[in-house]
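Novice: In the order they appear, the protein sequences are chains L and X.
Here the first sequence is numbered in my numbering, starting from 378 and rising by one per residue.
Here the second sequence is numbered in my numbering, starting from 621 and rising by one per residue.
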Amino acid sequence: MERPLTQHITFPPLEIRQYEAIGGYQAVRKALRHMQPADVTALVKESNMKGRGGAGFSTGMKWSFVPMNVPGPKYLVANADEMEPGTFKDRLLLEGNPHQLLEGMIVAAYAIQATEAFVFLRWAYKEAAVVIRKAIQEAYDAGYLGKDILGTGYSLEMHLHTGVGRYMCGEETALLNSLEGKRATPRAKPPFPQVSGLFGKPTIVNNVETLSYIPHIVNKGADWFKSLSRTADGGTKIYGVSGRVNKPGAWELPMGVTMRELIEVHAGGMQKGYGFRGALPGGASTDFLIDKHMDIQMDFAGVAAAGSRLGTGTMVILDDQTCPVGFVHNLEHFFAQESCGFCTPCREGLPWTEKLLWAIEQGRGRDEDLDLLLRHTEWLGPGNTFCALAPGAMEPLQSALKYFRDDFERHIREHRCPYHDPVTAAPASAHLHYTHHL
Amino acid sequence: MLSMTEKERIEEEIRQVPLKRAACIEALKIVQEQRRWVSDESIRDVADILDMSPEEVDSVATFYNLIFRQPVGRHIILLCDSISCYVMGLKSIHAELVSLLNIQYGQTTADGRFTLLPNPCLGTCDHAPALMVDSDLYRDLQPSALAGILEKYT
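#1: By DSSP's criteria, residue 538/L is part of a beta bridge. Which residues make up the other side?
#2: Skipping 5 residues on each side, what residues in its chain have a beta carbon closer than 7 Å to that of residue 818/L?
#3: Out of 467/L, 653/L, 774/L, state which residue places its alpha-carbon closest to the alpha-carbon of residue 689/L.
#4: Would you kindly work out how many angstroms separate the C-alpha atoms of residue 510/L and residue 420/L, rounded to a whole number?
#5: Look up residue 772/X in the DSSP assignment and say whether it is helix, strand or coil.
#6: Taking 7 Å as the cut-off, is the C-beta of residue 432/L nearer than that to any heavy atom in the ligand FAD?
#7: Which bits of chain L does residue 680/X rub up against, with CB to CB less than 8 Å?
#8: Taking all protein chains shown into account, decide if residue 810/L is buried (16 or more other Cβ within 10 angstroms of its Cβ) or exposed.
#9: Helix or strand or just coil, what does DSSP make of residue 693/L?
#10: Just list the residues that DSSP pairs residue 786/L with in beta bridges.
#11: Whole angstroms are fine: how far does the CA of residue 640/X sit from the CA of residue 401/L?
#12: Could you spell out the range, first to last residue, of the beta strand (DSSP E) harbouring residue 654/L?
#13: Contact criterion: CB-CB distance below 8 Å. Does residue 704/L meet it with respect to chain X?
#14: With DSSP collapsed to three states, give me the class of residue 758/X.
#15: Taking the alpha carbon of residue 659/L as the reference point, which residue from 392/L, 429/L, 753/L has its own alpha carbon closest?
#16: Mind checking who residue 375/L pairs with in its DSSP beta bridge?
#17: Let's see if you can read the secondary structure: which residues bound the beta strand (DSSP E) around residue 582/L?
#18: Please list, in chain order, the residues of the stretch 518-547 of chain L that have any C-beta partner in chain C closer than 7 Å.
#19: Between residue 663/L and chain X, is the shortest Cβ-Cβ distance under 8 Å, so that the two count as touching?
#20: Are the beta-carbon atoms belonging to residue 557/L and residue 537/L less than 8 Å from one another?
#21: Got a sec: is the Cβ-Cβ distance from residue 767/X to anything in chain L below 8 Å?
#22: Is the Cβ-Cβ distance between residue 513/L and residue 405/L less than 8 Å?
#23: Determine the extent of the beta strand (DSSP E) in which residue 715/L is found, giving its start and end residues.
#24: Using a 10 Å radius around the Cβ and a threshold of 16 neighbouring Cβ atoms, would you call residue 672/X buried or exposed?
#25: Residue 699/L touches chain X at which residues, Cβ-Cβ below 7 Å?
#26: State the Cα-Cα distance for the pair residue 740/L and residue 746/L, rounded to the nearest angstrom.
#27: Are the stretch 439-455 of chain L and the stretch 593-606 of chain L touching, with three or more C-beta to C-beta distances below 8 Å?
#28: Hey, how far is the Cα of residue 495/L from the Cα of residue 516/L?
#29: By how many angstroms is the C-alpha of residue 715/L removed from the C-alpha of residue 901/L?
#30: Can at least three beta-carbon pairs, one atom from the stretch 632-651 of chain X and one from the stretch 673-680 of chain X, be found at a separation below 8 Å?
#31: By the DSSP assignment, the beta strand (DSSP E) with residue 627/L in it spans what residues?
#32: Starting from the beta carbon of residue 627/L, find every residue of chain X whose beta carbon is closer than 8 Å, and list them in chain order.
#33: For the stretch 434-508 of chain L, which segments carrying the alpha helix (DSSP H) assignment without a break, of at least 4 residues, lie completely within its bounds, in sequence order?
#34: Under 8 Å, Cβ to Cβ, is there at least one residue of chain X near residue 713/L?
#35: By the 8 Å beta-carbon criterion, what residues does the stretch 450-474 of chain L contribute toward chain X?
#36: 8 Å is my cut-off, CB to CB: does residue 800/L come that close to chain X?
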């Protein structure tokens, strides 16, 4: 089984000479010397690469929206602000093979004729900051960045930007505001960043896993990429599992593996004494999947057909010893805290949701609270908010109300959490009143 | 007043961007690196150098989780309070930290050594529960390991 993305991951990562020795930067040579920018975009479009950041939009299609005959600066941004709870895949690529990301960025930048490129890295990834800073310097010294790259006439400057912590920065227009030194609130679309992005110039924002794949598609072609997958969504994918399994981890596997294979084979099955109740397939903002979904193929279409989203492909498991109400409360606490406060349904609705869940978890829930929660999933749903944060927050809630309704009802009926005594065992996220902005 | 070093570094950042105010976050990071937190006075100083109003600078400073607008201890403990850590034993880690430090989230120990803060997902969910002290990441935590970790920081 081929693992193009992860086969050369090492700790510490390959230095530039070692990376070149295993074929590194060949895609830069090939693209810049032998392909027109439009050919690179056409190739990525043909490969049917879908963005690995969570939304699954066609990468080549996104690039093709950049106006090519406009003078002035254009930008490429690697979204390395990995902050979706339960997601730890980009950290692997950033820390384990930074040159692969840089090479993908240079090729992508060439395809859209960008003049500058940024790695937008989250604050907490300290080790990644060190290796990326070093890799950028090595790439400059070797002539893959800067003026007149490899004598082709194409020039590109690259910068590392480290963030100061806010989930909203993962949303691409909010990320651009943050790069401009502003609050990370989302922008109205249209215009889309491809036309008017960073400082009002055409900009492409792609996820780290997406960009890291580009060198391989350029070297080996669209058909090869498609052949790696078990389904119509091409390529391999980094899948992950965390929670009460024997071997939590992340693995590069053909797109379309089943949840059963992920949990039972790769993650070594559930820990002794713990049973499977459900899983968020791709981070905090995806609907639960349950037992009956064990054999669906985990690609964009397969997970969508089961009522959820592939998201980031890193799964969080709800076991039978963990309270589903407490679990969902933890998620909604996160979303309420990280809402940027810009639009009313999100700013007001998420704290309300969190408080309702906390009341239920503490045994203070009322019968009508379940309907109220259900109505929130509509009020904060798609089309009613400015960006995707609140609709994403509603996905685990609406599916929990569907699949684990008995648990919610039991909390209300028995005036307590059946999983633990809420007085002596309040979860740490009970502290609603701490100030996270010191 | 900004120090010469702070001024020079902020001016260097201004040269990198098309608009002065685009250096706002970098300027706040520079000040915090020198002083550990950003005071009202520093907000006004940064506003002056970037041709912004203090309110505009403060709106940026208070938006981000890791710009501190109150004094903090010599070391910052960021305890991951997101879902995988919640499932894997956050509660017992939090309880042990509170008992060792005798402070709650958002507070600083009396000797000024530690500030304890919750932090969204640290992106190391296969090794939950996890926390960071300053730039150091600690994973696969057991409550019994915490005292030893804290000892390393004076």
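Here a beta-carbon is modelled for each residue, glycine too, at the ideal position from N, C-alpha and C.
Since we're looking at a predicted model, the values are computed, not measured.
Specialist: Short version:
#1: 497/L
#2: Because chain L in this structure spans residues 378 to 815, residue 818/L falls outside the shown range and cannot be described.
#3: 467/L
#4: 30 Å
#5: coil
#6: The ligand content of the structure shown is nil, which means the ligand FAD is not present either.
#7: 558, 559, 560
#8: At residue 810/L, the pLDDT of 38 sits below 50, so the modelled position is not reliable; the number obtained from the coordinates is stated separately. It is exposed - the Cβ of residue 810/L has fewer than 16 other Cβ atoms within 10 Å.
#9: strand
#10: Looking at the DSSP assignment, residue 786/L forms no beta bridge with any residue, so it has no partner.
#11: 38 Å
#12: 653-657
#13: yes
#14: strand
#15: 429/L
#16: There is no way to answer for residue 375/L, as the model of chain L reaches only from 378 to 815.
#17: 580-584
#18: Among the protein chains in the structure shown, which are L and X, there is no chain C.
#19: no
#20: no
#21: no
#22: no
#23: Not the beta strand (DSSP E): residue 715/L falls in the alpha helix (DSSP H), residues 701-715.
#24: buried
#25: 707
#26: 12 Å
#27: no
#28: 14 Å
#29: It is not possible to answer for residue 901/L, since the shown part of chain L is limited to 378 through 815.
#30: yes
#31: 626-631
#32: 746
#33: 436-441, 466-473, 475-489
#34: no
#35: 459, 460, 461, 462, 463, 464, 465, 467, 468
#36: Note that residue 800/L scores a pLDDT of 43, beneath 50, so its modelled location is shaky; the value from the coordinates is reported in the next line. No, no contact with chain X.
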